[in-house]
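Written below as structure tokens is the structure these notes are about.
Chains as they are written, first to last, in this note's numbering: chain A, 1 to 383; chain B, 1001 to 1383.
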């Protein structure tokens, strides 16, 4: 059989049937009242998920487009940018700032570690001319979650803006945009928001608007001023991905109906089960517990066994796709996403197949022992 | 989350995405050339699956409609009918014959047992006036498969017709309609054929046509003569379920592309794994190995524990639906379907959740031990 697939990569993630159905509804014109009403409703629901009263612009591009929008509207050539890097996507955020001519101070915290707040405080104190701070909420390449609340508390006291890449964590891990004073939050449709790729979202604080209004960087499609002008009428600056808007309302309805606290608790439970299972199988986790992501888990392949050999067996024989390692971790780790439309049985699928694949590559594990560790988490037998 | 569901009942079964997509195509008129061509193609593909050159009529009704069609066209009031009963659906087949005024000799082989060929031979020898023999290929209520080849070899030597209820087994368990000389085979869309309910299929041998042509029972919607008349032009007697025809072609394409031998081997492997897992968990199987179905497995609930209590936990906490017991087995067994769009990971889901539910109802099992037994089957570590 070729059609039964289990996609466990950090985006795109599986799309729930109710969302697929919503996206299959007849298209509506994007300059119609129907669209304006849909747009207004969706922004209202996103504000609940993002915990913000700020404007939220829904852009028709991938998450990288949202990151570029954040940079293009706030960074002028020559500006000092402090970039807090914990992996591949932190590097990408820094690279976008460099592309816009910023002087980027890239602080590497190591792949698998999270941002050290002491270093951030020192950096900010040492250079009051820092205009923009770049941080990653959930580093997709390593399965590390950063303390955005802590970073924001430091940046808030300075004139700098805090731009947060929340692409792979928003909807899986709580983010209090307004309470924490995050100036710009970027996220995208194809992760915990349970949609296909094609939309991204960006929030803008009052502090950020002052900078955006004065910004000189060239931008047209990515212009937040162009967005803002149309947003007042619940219009979009350019043609929006209409069917994804329809799907977004359905996925937000699912999340809000489950209750965001329940959504976050579910992600935490799945992460805990996957980590317990990995440990039971004698595998090493990339992220330490205190900074482990609830959205995905990165696991080292056993010594001497290529992670991609395990991934190949999983894909070919069990229909399961885990993500591989990126950059310096290529071939060394595999990453199991448990974000969005994921539940306990996805963990059972991932771990039971992983156990078989490990046996098949010659790594000695007790079959069923990883499953048992995850079951014990689900049954509340583990603190 | 409310939407992630795992339907493991013996029909309806999960519908593959490619089949859903095919059924979502624009409807076509059922008196069009397009429909006639679709009809011809689908019958050709069904003939491969059913291993027959006989006419195959695709009826727009459930499997029971096909069983009634078989009876209504071959049984006259007062006719002697030998009914081989191994469970609930065998009883239903007999009841339909009674509704048409037949003198039905209902031979009960016990729920969990299969048809004893010696008894069939004796019955046929004792009464040469038997006009029709009713048999169930796969008894859905007990997870027992009957030896249709053996039954057919006995009936073939008599003037009687053999009518086979293959509703829940065709597509999961090989059936050689012509080689075995099965006169009428009935099946339906919502089991191993991976479609929603709404269509049934019936094959008719030359021996059967002679009886059908002379039959006096009242019938209109269920008239095979009416079907046959339109069939010559690839038409249907009454309005067909057009979108299900579109889906049927897609599901048959999937099966034929996998290869029927592979389809049957897959079902056998899943059944073997489920049975190994149940045994490892100390559970008692209803059917003995020699007559165990490859399409579904019936398992006794542990002594003193209601099967439906286990089923409730599975549904509410893990999103999984097992079937319960029917008739005299109600509350005593649960049934796990592994037919149609099912693969190894479905077994992992079923067994890992079952283990948790057993612990939750207070039955002592070693978590992971059922999963391990199934994994060992999948890894070829079990003979």
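Where a beta carbon is used, it is the ideal one built from N, C-alpha and C, also for glycine.
Are the beta-carbon atoms belonging to residue i and residue j less than 8 Å from one another?
i              : j              : result
residue 161/A  : residue 175/A  : no
residue 1199/B : residue 1058/B : yes
residue 55/A   : residue 204/A  : yes
residue 250/A  : residue 32/A   : no
residue 1150/B : residue 1117/B : yes
residue 339/A  : residue 49/A   : no
residue 228/A  : residue 10/A   : no
residue 1290/B : residue 1172/B : no
residue 1313/B : residue 1274/B : no
residue 135/A  : residue 115/A  : yes
residue 947/B  : residue 1069/B : As displayed, chain B neither begins before 1001 nor continues past 1383, which places residue 947/B out of reach and without an answer.
residue 252/A  : residue 42/A   : yes
residue 347/A  : residue 270/A  : yes
residue 76/A   : residue 210/A  : no
residue 1369/B : residue 368/A  : yes
Using C-beta distances below 7 Å, list every residue in its chain close to residue i, excluding the 5 sequence neighbours before and after it, in chain order.
i              : result
residue 25/A   : 246
residue 1352/B : 1371
residue 112/A  : 142, 144, 286 and 287
residue 1104/B : 1081, 1083, 1094, 1097 and 1098
residue 47/A   : 53 and 56
residue 1363/B : 1302 and 1305
residue 106/A  : 83, 85 and 94
residue 328/A  : 111
residue 1311/B : 1322, 1324 and 1334
Measuring straight from C-alpha to C-alpha, what distance separates residue i and residue j?
i              : j              : result
residue 60/A   : residue 1036/B : 44 Å
residue 1376/B : residue 1356/B : 20 Å
residue 366/A  : residue 292/A  : 25 Å
residue 1040/B : residue 1015/B : 23 Å
residue 349/A  : residue 262/A  : 22 Å
residue 295/A  : residue 272/A  : 11 Å
residue 156/A  : residue 181/A  : 7 Å
residue 7/A    : residue 254/A  : 20 Å
residue 1158/B : residue 1152/B : 10 Å
residue 373/A  : residue 345/A  : 14 Å
residue 1102/B : residue 1278/B : 41 Å
residue 315/A  : residue 243/A  : 30 Å
residue 426/A  : residue 379/A  : In the structure as shown, chain A begins at 1 and stops at 383. Residue 426/A is therefore absent and cannot be evaluated.
residue 1232/B : residue 1225/B : 11 Å
residue 1131/B : residue 1110/B : 24 Å
residue 1326/B : residue 1085/B : 14 Å
residue 38/A   : residue 1248/B : 37 Å
residue 318/A  : residue 133/A  : 43 Å
residue 1148/B : residue 1121/B : 13 Å
residue 100/A  : residue 1189/B : 59 Å
residue 1013/B : residue 1066/B : 19 Å
residue 212/A  : residue 276/A  : 45 Å
residue 1240/B : residue 1179/B : 30 Å
residue 343/A  : residue 79/A   : 44 Å
residue 1256/B : residue 1197/B : 21 Å
residue 1028/B : residue 1034/B : 7 Å
residue 1214/B : residue 1023/B : 38 Å
Near residue i, which residues of its chain fall below 6 Å by C-beta distance, leaving aside the five closest residues on each side in sequence?
i              : result
residue 358/A  : 365
residue 208/A  : 161, 183 and 184
residue 1298/B : 1142, 1143, 1286, 1333 and 1335
residue 1219/B : 1072
residue 140/A  : 10, 89 and 168
residue 129/A  : 80
Give every residue of the same chain whose Cβ lies closer than 8 Å to the Cβ of residue i, excluding the five residues on either side of it in the sequence, and list them in chain order.
i              : result
residue 1230/B : 1236 and 1237
Tell me whether residue i counts as near the ligand GDP, meaning its Cβ is closer than 7 Å to at least one heavy atom of that ligand.
i            : result
residue 62/A : Inclusion of the ligand GDP in the displayed structure is not the case, the ligand content being empty and no account of it being possible.
**Prompt:** In chain order, what residues of the segment 357–376 of chain A put their CB closer than 9 Å to some CB of chain B?
**Reply:** 359, 360, 366, 367, 368, 369, 370, 371, 372, 373, 374, 375 and 376
**Item:** Against chain A: residues of the segment 1331–1359 of chain B by CB proximity under 7 Å
**Value:** 1341, 1343, 1344, 1345, 1348, 1349, 1352, 1353, 1355, 1356 and 1359
**Request:** Scan the segment 1303–1334 of chain B for residues whose Cβ lies nearer than 9 Å to a Cβ of chain A and list them as they occur along the chain.
**Result:** 1317, 1318, 1319 and 1320
**Prompt:** Of the residues that make up the segment 1173–1196 of chain B, which ones have a beta carbon closer than 7 Å to any beta carbon in chain A?
**Reply:** none
**Prompt:** What are the residues of the segment 41–55 of chain A that lie near chain B, defined by any Cβ-Cβ distance shorter than 9 Å?
**Reply:** none
**Proximal residues, the segment 217–233 of chain A versus chain B, C-beta separation under 8 Å** = none
**Prompt:** Any residues in the segment 269–281 of chain A with a beta carbon nearer than 8 Å to a beta carbon of chain B? Which ones, in chain order?
**Reply:** none
**Request:** Select from the segment 1002–1030 of chain B all residues with a C-beta closer than 8 Å to any C-beta belonging to chain A, and list them in chain order.
**Result:** 1002, 1003, 1004, 1006, 1016, 1017, 1018 and 1024
**Prompt:** Taking a cut of 7 Å between CB atoms, which residues from the segment 243–254 of chain A lie near chain B?
**Reply:** 254
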